[in-house]
Every structure is written in C-alpha cells, then in structure tokens.
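Residue numbers for the sequence shown, in numbering that gives the first Met the number 0: 0 to 273.
From the three backbone atoms N, C-alpha and C, an ideal C-beta is built for every residue, glycine too.
Single-structure report; data block below.
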Amino acid sequence: MSASAKTTSLSPPQIQAQKGATPLVCLTAYTTPMAALIDPHCDVVLVGDSVGMVLHGLPSTLEVTMEMMLMHGRAVRRGVAHALVVVDMPFGSYEQNPAQAFASAARIMAETGAGAVKLEGGTHMADTIAFLVARGIPVMAHIGLTPQAVNTFGGYKVQGRGDRAQAIMADAQAVSEAGAFSVVLEKIPAALATKITAEIAIPTIGIGASVDCDGQILVLDDMLGLFTDFKPKFVKRYAALGEATSHAAAAYASEVRARSFPASEHIFSDEKQK
0 MSASAKTTSL SPPQIQAQKG ATPLVCLTAY TTPMAALIDP HCDVVLVGDS VGMVLHGLPS
60 TLEVTMEMML MHGRAVRRGV AHALVVVDMP FGSYEQNPAQ AFASAARIMA ETGAGAVKLE
120 GGTHMADTIA FLVARGIPVM AHIGLTPQAV NTFGGYKVQG RGDRAQAIMA DAQAVSEAGA
180 FSVVLEKIPA ALATKITAEI AIPTIGIGAS VDCDGQILVL DDMLGLFTDF KPKFVKRYAA
240 LGEATSHAAA AYASEVRARS FPASEHIFSD EKQK
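Written out as structure tokens, the structure reads:
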C-alpha cells in the first residue's frame, strides 16, 4: 500500500452526527510532524490546497497540482491516528464533469488513505457531489469565498452580503441535499452563517463566519503566527512562532560565529562514553 494502513478513528458519519453538538475542531496540516502534534486535539485535519501558498510560496491555490496534494496527503495521513483526514481536490481536477471528479477523488482516496475529499462550489457542484457520494466517496463542501475562484470574485472579499445572501443560502442547501457530510463556510457575514447553520442538516465549519457554526477551521501556520506580516481579520494567533523562529536562528548564528557552539556537551571525544 502506498498510504498508511492505520484506520482513522473518526469517520464522515461521525463528523456529520456532531451537528448541533460540541463544536468540531478543524485545522490544516501538510507534514507528518505537524499532523501528529495537532491530531489529539482535532476532529478533522484538512490537507488544504493552501499548502501551495503556505509551504511552496505560490501566489494562490490555482497552481497547486494533484501530485502536490497526493504527496502532502500521504505525509499527513502518516501522522494522524484520531482525526478524520480530508484532502482538498486541486483546481482543475473536478470541475469539468462528475466523471473527471470521480477519477480524481478516487485517486486521492486510494493513494493517500484519506477519509474524505473537499471540493469548492455550491449549487453548480451539487450534481458532482451527489455523483461522488453515490460511489462511496465522502465529500466536504466549501462555499462562500472559494479561493480557487478568486479571479472571479476580484480578490479575497467577503461573500454573501446584501442581495448575495440568498445565493449563498441556496448553495448551502444544495450541497446538503446532494449528500455532503459537512460544509465549510468561508468569509461570509456572521448572521448569514448563523442562519445557514440553523437551516441545513449538515455541520457547518466556519472560517471567518460565525461562532454559531458547528465547527471552526484555521490554517495552522496562521494560528501559530508563522507569518509575521500576514494576519487576516478572522485569524487569532495562539502563538508567535514566526518571531520565535527568527530569534532562535539569530541566537544560533551568533553562537556559531562566536565559536561557542558546538560546546563540549555537543561533540564527541576519542574515548568511548560510559
């Protein structure tokens, strides 16, 4: 097997059953060590296509490839024993038709060991979601601000204000009725997110949405403060690891140049240690 043989403790039906219960805890991860660290605290670990921007320095998610998602999906799966692992379907791998989406999703499931896939889009993707679910592939939907459509939106703007609210509500109802086990609500007005959460049958997972959602998700690197010059309004930093990393590197550089590292406890003598 190319993917880990471990069985994920949490399944899509278990996540769906959390509707209206204790809020779901969701974070992104892209590597085995980080996945292992957050796994005990999470219900869902998402291998997001945000990996392109976070780890690969790409300007958007549009350049992320299937090979990248497969590689990082396998890495995360190796580090997770408790949470449900969900892998994003990259741009261009599912939009053409349901058959294309199934081929891509089946490959992700088979080659990563993930428990579900996530795709972006509402009403116009409902048939595709239903097609995948009918063939045994659990789907997490994603509506509101969908980053793969950033060019259509003209930037990373709040969606669903004013007259657009009803369209977002229709998207939520469509993906729920199509069989998605949950839906990410990104960057929409709080009141709209609260209303959607109350009216659809599946859990809502908010990011820049509402505290009333059935769960919350953040990009791990954002909440750890690894990017000192990038902080979206909806992100709370729970650590300052960017600053800590810079300080640690500076201290290391200073000791190397002063020849104070490595010290005696870090090097080996000719005599065998007892």
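Does the beta-carbon of residue 187 have 16 or more other beta-carbons within 10 angstroms, so that it is buried, or is it exposed? buried
Boundaries of the beta strand (DSSP E) in which residue 46 is found, first to last residue: 43-46
Does the Cβ of residue 160 have 16 or more other Cβ atoms within 10 Å, making it buried, or fewer, making it exposed? exposed
Any idea which residues DSSP pairs residue 181 with across the strands? 139
Residue 218 and residue 49 - do their beta-carbons sit closer together than 8 Å? yes
Leaving out the 5 sequence neighbours to the left and right, which residues in its chain are closer than 6 Å to residue 35 when beta-carbon positions are compared? 78
What residue range does the beta strand (DSSP E) around residue 203 cover? 203-206
Taking only runs of the beta strand (DSSP E) that begin and end inside the segment 188-259, which ones reach a length of at least 3 residues, in chain order? 203-206, 214-217
Counting Cβ pairs closer than 8 Å, one from the segment 171-183 and one from the segment 140-153, do we hit at least three? yes
Whose C-alpha, out of 58, 196, 101, is nearest the C-alpha of residue 133? 101
Length of the line joining the Cα atoms of residue 156 and residue 148: 11 Å
Specify whether the segment 202-216 and the segment 12-27 touch according to this definition: at least 3 beta carbon pairs, one from each stretch, less than 8 Å apart. yes
Ends of the beta strand (DSSP E) at residue 110? Not the beta strand (DSSP E): residue 110 falls in the alpha helix (DSSP H), residues 97-111.
The segment 107-117 in contact with the segment 56-75 per 3-pair CB rule at 8 Å: yes
Please say whether residue 261 and residue 15 have beta carbons closer to each other than 8 Å? no
Simplified DSSP assignment, three categories, for residue 78: helix
Relative to the C-alpha of residue 231, which residue among 166, 125, 206, 162 is closest? 206
For residue 53, which of helix, strand or coil comes out of DSSP? helix
Extent of the continuous alpha helix (DSSP H) run through residue 131: 125-133
As assigned by DSSP and simplified to three states, the class of residue 87: strand
Taking C-alpha atoms, which residue in 130, 222, 74 lies nearest to residue 94? 130
Short of 8 Å in beta carbon distance, which residues of its chain neighbour residue 74, apart from the five on each side in sequence? Order them along the chain. 29, 30, 31, 34
Neighbour-count burial assignment, residue 271, 16 or more Cβ in a 10 Å radius: exposed
For residue 1, which residues in the same chain have their Cβ closer than 6 Å to its Cβ, ignoring the five residues on either side in sequence? Because residue 1 carries a pLDDT of 35, less than 50, the predicted location of this residue cannot be relied on, and the following value inherits that uncertainty. Correct list, in chain order: 110.
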